Each structure stands twice: as structure tokens, then as C-alpha cells.
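Participant: Position 2 of the sequence shown, counted from 1, bears residue number 13 in this note's numbering, the numbering being contiguous throughout.
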Amino acid sequence: MLSWTLVLAVAGLTFMSCGKDKDDNKPDNPAESTFKDPRDSKEYKTIRIGNQTWFAENLAYVGPLSAGSSECKNGSVDSCAKYGRRYTGDAAKVACPSGWHLPSDAEWKVLEKYFGMSDADLDKVGFDFQRGEDNNVAGKLTKGGSSKFEALNENGPQAIFWTSTDSPTMQYARSITPNENAVYRFESGDGTPTCVRCLKD
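(1) Give the secondary structure of ASP89 by DSSP, where H, G and I count as helix, E and B as strand, and everything else as coil.
(2) SER186: buried (16+ other C-beta within 10 angstroms of its C-beta) or exposed?
(3) Taking the alpha-carbon of GLY61 as reference, which of PHE160, ASP132, GLY200, GLY100 has the nearest alpha-carbon?
(4) For the beta strand (DSSP E) that LYS47 lies in, which residues bound it at each end?
(5) Between the region 147-155 and the region 87-99, do three or more beta carbon pairs fall short of 8 angstroms?
(6) With hydrogens ignored, establish whether the beta-carbon of ALA71 is closer than 7 angstroms to any heavy atom of the ligand ADP.
(7) How should LYS104 be labelled, buried or exposed, when 16 other C-beta atoms within 10 angstroms of its C-beta is the threshold for buried?
(8) Name, in chain order, the residues that DSSP records as bridge partners for PHE197.
(9) With distances taken between CB atoms, is the gap from SER175 to LEU113 smaller than 8 angstroms?
(10) How far does the alpha helix (DSSP H) with GLU118 in it reach, from first residue to last?
(11) Could you give the first and the last residue of the continuous beta strand (DSSP E) run that contains ASP139?
(12) Flag this pair as yes or no: are the beta carbons of ARG96 and TYR72 separated by less than 8 angstroms?
(13) Which whole-angstrom value describes the C-beta separation of ALA218 and GLY143, a residue pair presumed to lie in contact below a C-beta threshold of 8 angstroms?
(14) Using C-beta distances below 7 angstroms, list every residue in its chain close to PHE138, excluding the 5 sequence neighbours before and after it, in chain order.
(15) Looking at the strands, I want to know which residues DSSP matches up with ASP177.
(16) What number of angstroms, rounded off, separates the C-alpha of GLY86 from the C-alpha of LYS135?
(17) Only counting the same chain, and skipping five residues up and downstream in sequence, which positions put a Cβ closer than 8 angstroms to that of ASP240?
(18) Nearest to PRO108 by CA position, among LYS120, SER77, ASP116, LEU122, is which residue?
(19) Compare the beta carbon distance of ASP212 and GLY100 with 8 angstroms and say whether it is the shorter of the two.
(20) Within the same chain, show all residues whose beta-carbon is closer than 6 angstroms to that of ASP32, passing over the 5 residues directly before and after it, in chain order.
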């Protein structure tokens with residue numbers, strides 16, 4: 012009788028332990044999710060990459076904004092529906108919803124390094140340097156790439172995004188250009204409308 016009692020007790024503990032392990036393995040923050048912007052109820056896909064959570068779509072918030080302005084390319088509503096809006100540099104800095112922000116130059120570097128960009132490439136500036144080409148970082152970030160970041164805009168294979176960081180003369184931006192196998196880090200003027208990806212605070 013005693014041996015059967017021990018067998019049942021062990022079996023019960025094993026069942027409880029397995030059940031607990033199963034619950035603990037449930038992700039609290041799934042990699043792919045959605046976020047609804049409370050300002051206009053538009054829903055965006057999001058993607059967790061390492062310790063960062065990004066919009067997996069371009070921001071399309073119309074406004075009002077406390078600075079700058081935004082537009083659809085050539086005034087096309089269809090363009091905005093597919094590619095999001097394009098924001099001036101000042102507008103980009105204030106356009107993301109509460110709890111999210113325009114990523115800094117340093118936060119973009121975290122993303123790039125996660126996908127294999129070398130330390131030697133991270134700080135290069137300008138279109139003479141094909142940053143990340145050795146590990147196909149641009150290919151991973153572009154639409155259809157393995158990261159599910161889904162970078163795109165109306166410039167075809169070249170997707171351009173603001174950072175929140177001012178450069179010595181202008182404002183840093185990124186050009187993800189898979190057909191050239193490069194993620195360019197460059198300086199752009201505030202008045203040049205460009206796309207926005209929001210990063211979770």
C-alpha cells in the first residue's frame with residue numbers, strides 16, 4: 012500500500028511540474044503583434060527584434076502635429092494607404108503615438124548590429140559606404156526579408172526613414188537599399204519628407 016501511495020504522489024508531482032513548465036513557456040510578449048493608435052484607431056503590425064519592439068509598417072498618422080508637417084506623395088491617398096505618410100524632420104520627432112517614439116541613430120544601430128552589421132560599419136556616413144553588405148542586413152530588413160521588419164516606401168527598392176538624432180548639419184536618416192546590399196546612414200534636410208517607423212519606449 013505504501014509503495015502505491017509513493018507512486019501516486021510522484022505521478023502527481025510530475026503532472027503539476029509539467030503543467031507549470033508549460034504555462035511558463037507561454038510568451039508574455041509575442042514577437043509579432045499589433046498596436047492600435049488611440050488617436051485615430053489605425054492598427055499597425057509590430058515586431059519584437061531582440062530587446063526592441065518596432066512598428067512593422069510605416070506610420071500613417073495625419074495629425075495635428077505640434078511641429079512640422081506630413082504629406083502623401085503627390086497627394087495620393089492610395090500612396091499613403093500603402094506606404095504611410097511622409098514627414099518632415101521636425102514632424103517625425105513628434106509623430107509617434109504615446110508609448111512609442113522616433114528611434115534615435117543609436118537605436119537604429121542596435122537593430123543593424125542585431126542582424127550582423129559589423130562595428131566597423133556602424134558609424135560610417137554617406138552613400139559611399141555599403142553598410143552591412145557582408146551579412147545582407149538590408150536584405151533582412153526589406154519587405155519579405157527574414158526579420159519581418161518589412162521596410163518599404165514609394166521609392167521602390169529603396170526605403171528611407173528618419174532618425175531622431177541631429178547630425179552636425181542636418182538630421183540622420185537611413186536608406187535600406189537591398190538591390191545595392193546596403194543600409195546607408197546619411198544626413199537629410201528637415202524639409203525633405205521621409206517615412207517614419209516608431210519604436211516602443
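Beta carbons are placed, not taken as given, at the ideal position from N, Cα and C, and that holds for glycine. Keep in mind the model is a prediction, meaning the values are calculated, not measured.
Facilitator: Reading from the atomic positions:
(1) It is helical.
(2) Counting Cβ neighbours within 10 Å, SER186 comes out buried, since at least 16 surround it.
(3) The candidate whose alpha carbon is nearest that of GLY61 is PHE160.
(4) LYS47 -> beta strand (DSSP E) spans 43-47.
(5) Judged by Cβ distances under 8 angstroms, the region 147-155 makes no contact with the region 87-99, as fewer than three pairs qualify.
(6) Only the bare structure without any ligand can be found here, which leaves the ligand ADP out of the picture.
(7) Residue environment: LYS104 is assigned as buried (16 or more neighbouring CB atoms within 10 Å of its CB, all protein chains considered).
(8) PHE197 is bridged to ALA184.
(9) Pairing SER175 with LEU113 gives a Cβ-Cβ distance under 8 angstroms.
(10) That run of the alpha helix (DSSP H) goes 116-125.
(11) No beta strand (DSSP E) contains ASP139, which DSSP labels as neither H nor E.
(12) Taking 8 angstroms as the Cβ cut-off, ARG96 and TYR72 qualify as a contacting pair.
(13) Only positions 12 to 212 of the chain appear in this structure, which leaves residue 218 out of reach.
(14) Within the same chain, PHE138 has close Cβ partners TYR195, PHE197.
(15) In DSSP, ASP177 forms a bridge with GLN182.
(16) So the alpha carbons of these two residues sit roughly 34 angstroms apart.
(17) With the chain represented from 12 up to 212, any question about residue 240 goes unanswered, as that position is not in the structure.
(18) Cα-wise, what sits closest to PRO108 is SER77.
(19) Using a Cβ distance threshold of 8 angstroms, ASP212 and GLY100 do not count as a contacting pair.
(20) With a pLDDT of 41 at ASP32, under the threshold of 50, the modelled position of that residue is not reliable, and the figure given next carries that caveat. Scanning its chain for C-beta atoms nearer than 6 angstroms, with the 5 sequence neighbours on each side dropped, one finds no residue around ASP32.
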